[in-house]
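Asker: Please see the structure below; I have some questions.
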Amino acid sequence: MPKTPNIRAQNPLNPQNLQYQSQAQPQNPNASQNTQNPNKPNQHAVQNTQMQPAHATQNTQAQPAQPQDNFTKNLQALRYTDPMLFLALKSFKPNQKYEVFMDNDPANYNIIDTQNATALYLTKPIDEVMEKNASLTPYSYYPFIYLYGLGNGVLIKLLFNEQRKRIVVFEPELEIIFIVLNLLDFSAEIASRSLVIFYTKQIGYITIDSLFDSFKYSRVFVKTYDLLVTNSYYERYQDDIMRINGYFIKAIEQAVVSVGNDARDSVVGILHHITNLPDALRSPTLDELISKLDKRIEKNDTAIIVSTGPSLYKQLPLLKKVTPYVTLLCVDASFPILYQHGIKPDIVISLERVEASAKFYTDTPKEAQEGVIFAITSIVHKKLKEALKGAMVQFSFRPFGYTSLFGFDKYGYIGIGMSAANMAYEIAMYAKFKRCVFIGQDLAFGEDGTSHSKGAIYGTNESQYKKEGLLVPKYGGGGEVETSKVWKLFLNFFEKDIARTPATMEVINATEGGARIHGAVEMPFAKVVEAVLNGEDTRGQNMGAAGVDSAVGADSGAESGVNVDSGALDSHILDSARAVESSGILDSMRAQNGAKVDSNNLDSSDADSSKRAESSVTPESTKSSAKSAAKSTIKSTRPPRIKTPITLAYPSQKQSEANIIKAYKKCQGIIRYGSAQKRKIERVFLQLAKELEHIEKLNAANKLEKINFEKINRLCDKIDEVKELFASRKFTSYFMDAIQSYIFHQELDIAKVLVLYTANEDEIKAKQLQWLYYHKYWLFSLAGGIDCVINTVEMALKEWDKKDLALAESRVKPSGKK
3 MPKTPNIRAQ
13 NPLNPQNLQY
23 QSQAQPQNPN
33 ASQNTQNPNK
43 PNQHAVQNTQ
53 MQPAHATQNT
63 QAQPAQPQDN
73 FTKNLQALRY
83 TDPMLFLALK
93 SFKPNQKYEV
103 FMDNDPANYN
113 IIDTQNATAL
123 YLTKPIDEVM
133 EKNASLTPYS
143 YYPFIYLYGL
153 GNGVLIKLLF
163 NEQRKRIVVF
173 EPELEIIFIV
183 LNLLDFSAEI
193 ASRSLVIFYT
203 KQIGYITIDS
213 LFDSFKYSRV
223 FVKTYDLLVT
233 NSYYERYQDD
243 IMRINGYFIK
253 AIEQAVVSVG
263 NDARDSVVGI
273 LHHITNLPDA
283 LRSPTLDELI
293 SKLDKRIEKN
303 DTAIIVSTGP
313 SLYKQLPLLK
323 KVTPYVTLLC
333 VDASFPILYQ
343 HGIKPDIVIS
353 LERVEASAKF
363 YTDTPKEAQE
373 GVIFAITSIV
383 HKKLKEALKG
393 AMVQFSFRPF
403 GYTSLFGFDK
413 YGYIGIGMSA
423 ANMAYEIAMY
433 AKFKRCVFIG
443 QDLAFGEDGT
453 SHSKGAIYGT
463 NESQYKKEGL
473 LVPKYGGGGE
483 VETSKVWKLF
493 LNFFEKDIAR
503 TPATMEVINA
513 TEGGARIHGA
523 VEMPFAKVVE
533 AVLNGEDTRG
543 QNMGAAGVDS
553 AVGADSGAES
563 GVNVDSGALD
573 SHILDSARAV
583 ESSGILDSMR
593 AQNGAKVDSN
603 NLDSSDADSS
613 KRAESSVTPE
623 STKSSAKSAA
633 KSTIKSTRPP
643 RIKTPITLAY
653 PSQKQSEANI
663 IKAYKKCQGI
673 IRYGSAQKRK
683 IERVFLQLAK
693 ELEHIEKLNA
703 ANKLEKINFE
713 KINRLCDKID
723 EVKELFASRK
733 FTSYFMDAIQ
743 SYIFHQELDI
753 AKVLVLYTAN
763 EDEIKAKQLQ
773 WLYYHKYWLF
783 SLAGGIDCVI
793 NTVEMALKEW
803 DKKDLALAES
813 RVKPSGKK
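3 is the number of the first residue of the sequence shown in our numbering; add one for each residue after it.
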């Protein structure tokens, strides 16, 4: 019999493998009845499940010599993976709505809804469970499966197999979760996050979005997403099912769109980054900027982020009044407007790689740049850099692989969002301001149809922002406003960042127009200015909170077709959060929201999310001290002092030159390493192309039975070896940003092949051939992407100043492509 296809779901975003086992090989000696489908778990696995009656949890204190009961073990696992659910279960009183009916077979228990006089299982529970399990056989190879309804939990036990990476279950009844966690031991699965149980009254969009953030491998399988209802009892929860499905649709869209679909942007970013490296390495570091802002907060604890939405113009008089007492973080497009009105920002942020951004500075007098820090990223266009010649420029690195691998950590990593305002918010958050205020952050068209504020350099109606009938909840509630796809992406990034912001910083949306930013407190700008000038604390002065979880609110209904009582859900979350804080495990809850926590309390798949590795500044700039912790909780009792200018220190010439040499050496390493990997990939591509051409000839001659599957297996192994490159941080850091847009979209289609259920040898062979055909273009485009990066690096080095290039070449021998 031909070797089983060794097909691996080796995703570039997370190098974890899916090994497809031989269909004729049983998983264990007790599974002989499953030899046709070893991935389908057998009933014996549940027969030995240790189960206890629900009332046993009334006394969860086990004797020292006794093993812990299921509920205690499950709660201990939930304490760190889902603290809010942990608290809800810990204080829950049973027998409110449901009763448990046990059987001699512990897997055959039923749960009765006493309020509606109905059982979860209308016939014999184990028979219904096994029937449902059989109906889910086509999902045997799905690494990620999403279920609505916990049922009695037995089906969940059955669904775990070698292929399964994570099962996510949504349960609308807390008492059912309580019952199941008493009777079944899921502690290992919960602790490893291979099982995630959500109580649906505690979740919103951010919760769903975090599933794809914390386990990036799951993004590759978004095209296989399906929300499966486990039991007919749950059909009564259609509104809740639609709400959660709406969150998934929004989260999947965000996950796919954020990867991008145009590799040119990434290549341009690499070109600009390497071109700008000498200037960047002579500028003050991001650590230096954050440190100086942190010191300023003792006297001026409010940051105002000034964006260029249609509502900005009406706020300018108040902004001018409060400017001496706050830190103004201004997006580049707002800089000319502020200058026209005699307002000098502290920091101006430029994020984008396009040449058009230079106009914000070329069309503004040089005198406007005096006393201002220009915080720009290393990927900006050279004309923008030239327009700021002589100004105080501070470069920072965005959280891309090709920026982080250079090792200049003090310059990064910030700018995970897609707009300058997103980056400004990150700066405010890392500097630990007590209060962060948005103005001009409309993220929507004005009532008169304008896209930007009066006085904007490119006018009030920029052509790139097209009306497409896309609606989002409006500021203040009570309706919707029209936005664009780009603005909606910006909005999503804001909501995610706000959800992950430490509670010590109050986030206020004082735009008074445009879209609602869920998670930010809505407050008139006049009220904010009054509070700043009088030294008042604005906490508790909620003029219209927009929710805690970014999906809680009007957009929940808009996305899913149902109306959600956002106030009730927000209140529930806030009450839970306060309970968590009083119980001393607030840090654990914030782990899910991206705040800094002890990563030892988390599983490896979620560690990067909890530490915000993608968008965090370096440890030096985020250290907390007793002093900074204290100042973040002290309320203002007097008006703030007039702020003093921020002065940044530059690195020494010796340090800058050493870093430039280091950067040049790394560039040469990219060229050498990339050239070697490209040759390897090209060899595999040529072998595959030749074999597929041979198969086409056999097909034309109706001789497919002559396909040499031993040769096919060897080709699969070689492709798997290529895919193992994505397990290398070196490879992904050098090339992933440039190739991910088209590789990721190919992987989405390959994933659909990987999850196909195969019941016999012929189906396995067909699946294997389909997998090979997908990888012909995959290999071709991968080699082409690497070659493009190599050429881009060489081109960028030629842009260096002759003195910098001579300095670097005197210490490092240039590489030559072979």
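The beta carbon of each residue, even a glycine, is placed where N, CA and C say it ideally should be.
Do you know whose CA, among Leu197, His274, Ile673, Leu185, lies nearest arginine 166's CA?
Answerer: Within the sequence shown, the letter at position 164 stands for residue 166. Per the Cα distances, Leu197.
Asker: Go through its chain and collect everything with a Cβ distance to isoleucine 709's Cβ below 7 Å, but skip five positions before and after it.
Answerer: Your numbering for residue 709 matches position 707 in the sequence shown. Closer than 7 Å at Cβ, skipping near neighbours: Ile697, Leu700.
Asker: Do you know how far the Cα of phenylalanine 223 is from the Cα of aspartate 567?
Answerer: By one-based count along the sequence shown, residue 567 stands at place 565. By one-based count along the sequence shown, residue 223 stands at place 221. Because aspartate 567 carries a pLDDT of 32, less than 50, the predicted location of this residue cannot be relied on, and the following value inherits that uncertainty. Near 32 Å, if we compare the C-alpha coordinates of phenylalanine 223 and aspartate 567.
Asker: Where asparagine 16 and alanine 729 are concerned, what is the direct C-alpha to C-alpha distance, given to the nearest angstrom?
Answerer: Position 14 of the sequence shown, counted from the first residue, corresponds to residue 16. Position 727 of the sequence shown, counted from the first residue, corresponds to residue 729. Caution is warranted here: a pLDDT of 30 is assigned to asparagine 16, below 50, making its placement in the model unreliable, and the coordinate value is therefore given only provisionally. The straight-line gap from Cα to Cα measures roughly 7 Å.
Asker: So, does the region 279-292 touch the region 237-255, judging by three or more C-beta pairs under 8 Å?
Answerer: Contact between the region 279-292 and the region 237-255 is absent, because fewer than three Cβ pairs lie under 8 Å.
Asker: Taking glutamine 117 and glutamate 177 to be in contact with their CB atoms under 8 Å, please state how far apart those CB atoms are, rounded to whole angstroms.
Answerer: Looking up residue 117 in the sequence shown gives position 115. Looking up residue 177 in the sequence shown gives position 175. About 11 Å separates the two Cβ atoms, so there is no contact after all.
Asker: In whole angstroms, give me the CA-to-CA distance for asparagine 112 and methionine 420.
Answerer: What you label residue 112 is simply residue 110 of the sequence shown in a count that begins at 1. What you label residue 420 is simply residue 418 of the sequence shown in a count that begins at 1. Straight-line Cα distance between these residues: approximately 50 Å.
Asker: Would you report the Cα separation of valine 48 and serine 220, rounded to the nearest angstrom?
Answerer: The residue you call residue 48 lines up with position 46 of the sequence shown. The residue you call residue 220 lines up with position 218 of the sequence shown. Reliability fails at valine 48, whose pLDDT of 31 lies under 50, so the model's placement of it is uncertain and the value that follows must be treated cautiously. Roughly 27 Å between the two C-alpha positions.
Asker: Going by the beta-carbon positions, is the gap between threonine 379 and glycine 414 smaller than 7 Å?
Answerer: Residue mapping note: residue 379 aligns to position 377 of the sequence shown, counting from 1. Residue mapping note: residue 414 aligns to position 412 of the sequence shown, counting from 1. No.
Asker: Check each candidate in Tyr236, Thr74, Lys667, Ile459 and name the one with the smallest Cα separation from threonine 120.
Answerer: Along the sequence shown, read from residue 1 onward, the residue named residue 120 stands at position 118. Cα-wise, what sits closest to threonine 120 is Tyr236.
Asker: With a cut-off of 8 Å on the beta carbons, I'd call threonine 364 and methionine 431 a contact; round off their distance for me.
Answerer: The residue labelled residue 364 in the question sits at position 362 within the sequence shown. The residue labelled residue 431 in the question sits at position 429 within the sequence shown. Actually they do not touch by this definition, with Cβ atoms about 31 Å apart.
Asker: Report the three-state DSSP secondary structure of methionine 394 (helix, strand or coil).
Answerer: What you label residue 394 is simply residue 392 of the sequence shown in a count that begins at 1. Residue state, collapsed to three classes: strand.
Asker: Quick check: what's the CA-CA separation for leucine 694 versus valine 170?
Answerer: Position 692 of the sequence shown, counted from the start, is the residue given in the question as residue 694. Position 168 of the sequence shown, counted from the start, is the residue given in the question as residue 170. Taking the straight line from one Cα to the other gives about 39 Å.
Asker: Let me confirm a value: isoleucine 644 is counted as buried when at least 16 other C-beta atoms fall within 10 Å, else exposed. Which label applies?
Answerer: The sequence position of residue 644 within the sequence shown is 642, counting from 1. Burial call: exposed.
Asker: Using DSSP with H/G/I as helix, E/B as strand and the rest coil, what is isoleucine 349?
Answerer: For this step, residue 349 is matched to residue 347 along the sequence shown. Three-state DSSP puts isoleucine 349 in a strand.
Asker: Which residues in the same chain have their Cβ closer than 8 Å to the Cβ of asparagine 602, if we skip the five residues on either side of it in sequence?
Answerer: The sequence position of residue 602 within the sequence shown is 600, counting from 1. Note that asparagine 602 scores a pLDDT of 30, beneath 50, so its modelled location is shaky; the value from the coordinates is reported in the next line. None.
Asker: Could you compute how far the alpha carbon of phenylalanine 737 sits from the alpha carbon of alanine 798?
Answerer: Against the sequence shown, residue 737 aligns to sequence position 735. Against the sequence shown, residue 798 aligns to sequence position 796. Their Cα atoms are separated by approximately 15 Å.
Asker: For tyrosine 652, which residues in the same chain have their Cβ closer than 6 Å to its Cβ, ignoring the five residues on either side in sequence?
Answerer: Residue 652 sits at position 650 when you count from the first residue of the sequence shown. These residues qualify, in order along the chain: Pro286.
Asker: Taking the alpha helix (DSSP H) that tyrosine 363 belongs to, which residues open and close that run?
Answerer: Working through the sequence shown from its first residue, we reach residue 363 at position 361. Element bounds for tyrosine 363: 361-364.
Asker: Is there at least one Cβ from chain E nearer than 7 Å to isoleucine 766's Cβ?
Answerer: Reference to chain E is not applicable here, since this structure consists of a single protein chain.
Asker: Let me know the secondary structure DSSP gives glycine 676 once reduced to three states.
Answerer: One-based indexing of the sequence shown puts residue 676 at position 674. Three-state result, glycine 676: helix.
Asker: Taking only three categories from DSSP, how would you classify tyrosine 404?
Answerer: Counting from one through the sequence shown, the residue named residue 404 turns up at place 402. Tyrosine 404: helix per DSSP, three-state reduction.
Asker: Does phenylalanine 440 come out as helix, strand or coil in the three-state DSSP assignment?
Answerer: Position 438 of the sequence shown, counted from the first residue, corresponds to residue 440. Looking at phenylalanine 440 - three-state DSSP - the assignment turns out to be strand.
Asker: Measure the beta-carbon distance from isoleucine 179 to leucine 152 and round it to whole angstroms, keeping in mind my assumption that it falls under 8 Å.
Answerer: By one-based count along the sequence shown, residue 179 stands at place 177. By one-based count along the sequence shown, residue 152 stands at place 150. Indeed they touch by this definition, with Cβ atoms about 6 Å apart.
Asker: Measure from the alpha carbon of alanine 501 to the alpha carbon of each residue in Ala522, Ala193, Lys487, then state which is nearest.
Answerer: Position 499 of the sequence shown, counted from the start, is the residue given in the question as residue 501. Among Ala522, Ala193, Lys487, the Cα nearest to that of alanine 501 is on Ala522.
Asker: If distances are taken between C-alpha atoms only, which option among Lys804, Ile128, Leu77, Leu407 comes closest to methionine 104?
Answerer: Here residue 104 is taken as the residue at index 102 of the sequence shown, counted from 1. Methionine 104 has its Cα closest to that of Ile128, out of Lys804, Ile128, Leu77, Leu407.
Asker: Taking Cβ to Cβ, would you say valine 724 is nearer than 7 Å to isoleucine 683?
Answerer: Residue mapping note: residue 724 aligns to position 722 of the sequence shown, counting from 1. Residue mapping note: residue 683 aligns to position 681 of the sequence shown, counting from 1. The answer is yes: Cβ separation under 7 Å.
Asker: Based on the DSSP output, what are the partners of asparagine 112 in its beta bridges?
Answerer: For the purposes of this step, residue 112 is taken as the residue at position 110 of the sequence shown. Beta-bridge pairing links asparagine 112 to Phe103.
Asker: Can you give me the C-alpha to C-alpha distance between asparagine 135 and leucine 157, rounded to a whole angstrom?
Answerer: Here residue 135 corresponds to residue number 133 of the sequence shown, with the count starting at 1. Here residue 157 corresponds to residue number 155 of the sequence shown, with the count starting at 1. Cα to Cα, the separation comes out at about 7 Å.
Asker: Could you have a look at valine 324 and say whether DSSP puts it in helix, strand or coil?
Answerer: As a first step, residue 324 is located in the sequence shown; it is residue number 322 there, counting from the start. Helix, per DSSP.
Asker: Can you tell me whether asparagine 135 is helix, strand or coil according to DSSP?
Answerer: Here residue 135 refers to the residue found at position 133 when the sequence shown is read from its first residue. Helix, per DSSP.
Asker: In or out: asparagine 704 buried (at least 16 other Cβ within 10 Å) or exposed?
Answerer: Start at 1 with the first residue of the sequence shown, and residue 704 comes out as number 702. That one is exposed.
Asker: In the DSSP assignment, find the unbroken alpha helix (DSSP H) run with serine 801 in it and report its ends.
Answerer: Residue numbering aside, residue 801 sits at position 799 when the sequence shown is read from its first letter. The residue you asked about is not serine; residue 801 is glutamate in the sequence shown. First-last for glutamate 801: undefined, no H or E at that position.
Asker: Near glycine 344, which residues of its chain fall below 7 Å by C-beta distance, leaving aside the five closest residues on each side in sequence?
Answerer: Here residue 344 is taken as the residue at index 342 of the sequence shown, counted from 1. The answer, listed in chain order, is Lys322.
Asker: Please state the DSSP three-state secondary structure of glycine 248.
Answerer: Position 246 of the sequence shown, counted from the first residue, corresponds to residue 248. Looking at glycine 248 - three-state DSSP - the assignment turns out to be helix.
Asker: Can you tell me where the beta strand (DSSP E) with proline 475 in it begins and where it stops?
Answerer: As a first step, residue 475 must be located in the sequence shown, where it is residue number 473. Its beta strand (DSSP E) spans residues 472-475.
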